[in-house]
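A.B. asks: Take 152 as the starting number for the sequence shown in the numbering used here and just add one per residue. Please find one structure pasted underneath; my questions will follow.
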Amino acid sequence: MATLGKRYASGRLRALIWGPAGSAKTVNSHMMPRTRTLDLDDGMMSVMWAIKEGLINKDPDEIVYETILEHDANRNMYGLVTETTVLDRMTDQVDKWLWEERLSDEEWKRELEKRAEIDPDNIYEDRFWDTLIVDSATGMTDASINKGLDENARLKLSHSKSQSQVLRVMRQQDWGAAASLFRQAIEQWKSLDKNLIVIAHEYVDRDDSGTVLGVKPAAIGQLRDQLPTMFDEVYYAHVTGSRSSPEFKFQTLPGNKRLCRSRLGCLDPIIPADFQLIRERVAEYYDLNPEELWTRARASDRPMAASGKRK
């Protein structure tokens, strides 16, 4: 077996999962080992349903997430962000999860006691994690746009505001700033010793006559083409079968005007959208232990009995 291939397969998985609504992108992403989710679409109910139905072999208290929505950001009377943006809150939340891992057992115990006094139904006891899920890149695009507009206005690089200071007209430098912020955040999270799963909706590119030119991840401008190049694993999620018996699939190789790829070397062009099965297939192909694949879990940081979940 090629050493380089085995080294890649046994490293952290960094994948873009994109496709239409209803293709179980969020549900299947949560089959990855010990997840932390930046929820920008308020879509975690599908994960809780999947756990209840036995589709995800996890306890609900293992699902740790933070829902961050644009309308929840701090705003002034004109609707402009005054203190923080969604993108700031996303990066701060990841830093918080990383900070928790660095605490000693005694420090973490004191932290849990402090949180229990504030909200005993909203804590989680296992501070160690393996997988960061961003759901979705489409929501992150909006966050990057607003952050870019604010920064350009602060630096007097752009004056993209309406007279009412509520609506803002995007200029070329604003689009560029948004795309740059988006790429910086993705590259920062890829540099972590964590799996990274980014979920995106789909954008259908048509010409003036309505002919489909291609189907791409939903993002702004050139990011539609650039986003897939940021990942070695790019899977297109879709559904076959019937309404009563749907079959969720991942396309791993390009075709049908869709951008897909896989460097794992052992995945068929169309595979079941099930990360548990993918993990087993990769482990078998490269002679690895599936329980140790894509995780840094140690005996000292196995999950404890959780008493609640982060929302």
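Cβ atoms here follow ideal geometry from the backbone N, Cα and C, with glycine treated the same way.
How long is the line joining the alpha carbons of residue 426 and residue 381, rounded to whole angstroms?
C.D. replies: Those two C-alpha atoms are separated by around 20 Å.
A.B. asks: Can you determine whether any heavy atom of the ligand MG sits closer than 7 Å to the C-beta of residue 180, and answer yes or no?
C.D. replies: As presented, the structure is devoid of all ligands, the ligand MG included, so that no description of it is given.
A.B. asks: Measuring CB to CB, does residue 281 end up less than 8 Å from residue 446?
C.D. replies: Result yes, Cβ atoms of residue 281 and residue 446 sit closer than 8 Å.
A.B. asks: Around the C-beta of residue 363, are 16 or more other C-beta atoms found within 10 angstroms, so that it is buried, or is it exposed?
C.D. replies: It counts as exposed.
A.B. asks: Could you pull out every residue in the same chain whose Cβ sits closer than 7 Å to the Cβ of residue 217, ignoring the five residues on either side in sequence?
C.D. replies: Correct list, in chain order: 189, 190, 244, 461.
A.B. asks: Less than 8 Å between the C-beta atoms of residue 214 and residue 186, yes or no?
C.D. replies: In this structure, residue 186 lies closer than 8 Å to residue 214 by Cβ.
A.B. asks: Is there contact here, the stretch 435–446 with the stretch 170–178, by at least three beta-carbon pairs under 8 Å?
C.D. replies: Output reads no: the stretch 170–178 does not touch the stretch 435–446.
A.B. asks: So, residue 295 versus residue 329, is the Cβ gap smaller than 8 Å?
C.D. replies: Their beta carbons are under 8 Å apart, which means residue 295 touches residue 329 by this criterion.
A.B. asks: Starting from residue 203, follow the alpha helix (DSSP H) in both directions and report where the run begins and ends.
C.D. replies: Counting along the chain, the alpha helix (DSSP H) containing residue 203 begins and ends at 196–203.
A.B. asks: Could you check whether the stretch 375–389 touches the stretch 412–427, counting it as contact only if at least three pairs of C-beta atoms, one from each stretch, sit closer than 8 Å?
C.D. replies: Yes, since at least three Cβ pairs between the stretch 375–389 and the stretch 412–427 fall closer than 8 Å, the two stretches touch.
A.B. asks: Run through DSSP, which three-state label would residue 399 get?
C.D. replies: DSSP places residue 399 in strand when its eight states are reduced to three.
A.B. asks: Smallest Cα separation from residue 349: which of 358, 333, 407?
C.D. replies: Measuring from the Cα of residue 349, the nearest candidate turns out to be 333.
A.B. asks: If I measure Cβ to Cβ from residue 202 and keep anything under 8 Å in the same chain, skipping five residues before and after, which residues do I get?
C.D. replies: Here the set comprises 209, 210, 211, 214.
A.B. asks: In angstroms with no decimal places, state the Cα-to-Cα distance between residue 356 and residue 400.
C.D. replies: Distance between the alpha carbons of residue 356 and residue 400: 22 Å.
A.B. asks: So which of 157, 165, 404 has the shortest CA-CA distance to residue 342?
C.D. replies: For residue 342, the nearest C-alpha among the options comes from 165.
A.B. asks: Do you know how far the Cα of residue 270 is from the Cα of residue 264?
C.D. replies: Going from the Cα of residue 264 to the Cα of residue 270 covers about 10 Å.
A.B. asks: Where does residue 275 fall in DSSP's three states?
C.D. replies: The answer is coil: DSSP assigns residue 275 none of H, G, I, E or B.
A.B. asks: Within the 8 Å Cβ cut-off, does residue 188 reach chain C?
C.D. replies: Included in the structure is just one protein chain, with no chain C present.
A.B. asks: If we call anything under 8 Å between Cβ atoms a contact, is residue 429 one with residue 421?
C.D. replies: Their beta carbons are not under 8 Å apart, which means residue 429 does not touch residue 421 by this criterion.
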